[in-house]
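In what follows, a structure is listed as structure tokens, so that the remarks can point back to it.
Residue numbers (the numbering used here): 319 to 579.
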């Protein structure tokens, strides 16, 4: 990873936040999703297949994360951009090791993201004060300045700067100096973080299936998909085509059954 790649990734970490200049629909709900975020990182760093593979694990792990009550969950976009970027920067060619490095960087990135959200909320008190004064003065320009101007500057600084520091002090310096984080981290830690990361992904898949499976026979489709990937070694696109065909056949048969009734 070079400094230009680090800057681009740090910019996307800001754009993928809530309230960024591109809006929540394009930002948090699109660029902030692990699949999209990993694609962006993969394009920037020139390794899209591995980035998407790592992003899928983070997407499943997000499904398995539970934040009861008023608990604040991990910063999904921050964790994905930092995690995938760190893993690609220190890719050793061994998928298990690269995945463990990704989980390690994701934990750090997610924690920093949550901390920066708290800092962001605190600093936005000044923006709220400006906006409040604008409302009292019936001054829409001051209100717009507080939200679109001051608010976005605060958001940019609290996300871009920490991300840039983390990426430049680890990935950039490490990759350019020849120091590989994967070789420094103890093997027992890599195994542990990989195990817990896999458990989160499995939990996420279980929660997803609990919503999707409505009848017992539908478990056969899950087993069928597993066999396509695990035994026949088909690609995701090939499995998706099988799924589309099965869905069409199921829809047509159900539709005819209703018509006869």
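We put the beta carbon where it would ideally sit given N, CA and C, even for glycine.
query                                                                                                                           : result
Backbone secondary structure at residue 350 - three-state DSSP                                                                  : coil
Whole-Å CB distance - residue 349 paired with residue 333, under 8 Å assumed                                                    : 6 Å
Own chain partners of residue 386 with C-beta closer than 7 Å, once the 5 adjacent residues on each side are dropped            : Reliability of the predicted coordinates at residue 386 is poor, the pLDDT of 48 falling under 50, and no value is obtained from them.
Where the alpha helix (DSSP H) through residue 445 begins and ends                                                              : 413–454
Buried versus exposed, by CB contacts within 10 Å (16 or more), residue 506                                                     : exposed
Cα-Cα separation between residue 435 and residue 565, rounded to whole angstroms                                                : 42 Å
Own chain, CB closer than 8 Å to residue 569, minus 5 neighbours either side, in chain order                                    : none
Three-state secondary structure assigned by DSSP to residue 334                                                                 : coil
Candidates 478, 525 and 545: closest to residue 324 by CA position                                                              : 478
Coarse secondary structure for residue 365, derived from DSSP in three states                                                   : coil
Assigned secondary structure, residue 458 (DSSP; H/G/I helix, E/B strand, else coil)                                            : helix
Same chain, Cβ closer than 6 Å to residue 464, neighbours up to 5 away in sequence not counted                                  : 445, 448 and 449
Identity of the residue in 367, 380, 354 and 418 nearest residue 504 by Cα                                                      : 418
Secondary structure of residue 532, DSSP reduced to three states                                                                : coil
Straight-line gap, residue 542 to residue 560 (C-alpha atoms, nearest Å)                                                        : 10 Å
Residue of 397, 554, 408 and 343 minimising C-alpha distance to residue 363                                                     : 408
Cut-off 7 Å between Cβ atoms - residues of its own chain near residue 472, not counting five sequence neighbours on either side : 438, 441, 442 and 445
Proximity of residue 397 and residue 420 at Cβ, strictly below 7 Å                                                              : no
Beta-carbon spacing of residue 554, residue 328 below 7 Å                                                                       : no
Check whether residue 377 and residue 352 have beta carbons under 7 Å apart                                                     : yes
Beta-carbon separation (whole angstroms), residue 393 vs residue 345, contact threshold 8 Å                                     : Incorrect: roughly 13 Å between the Cβ atoms, too far for contact.
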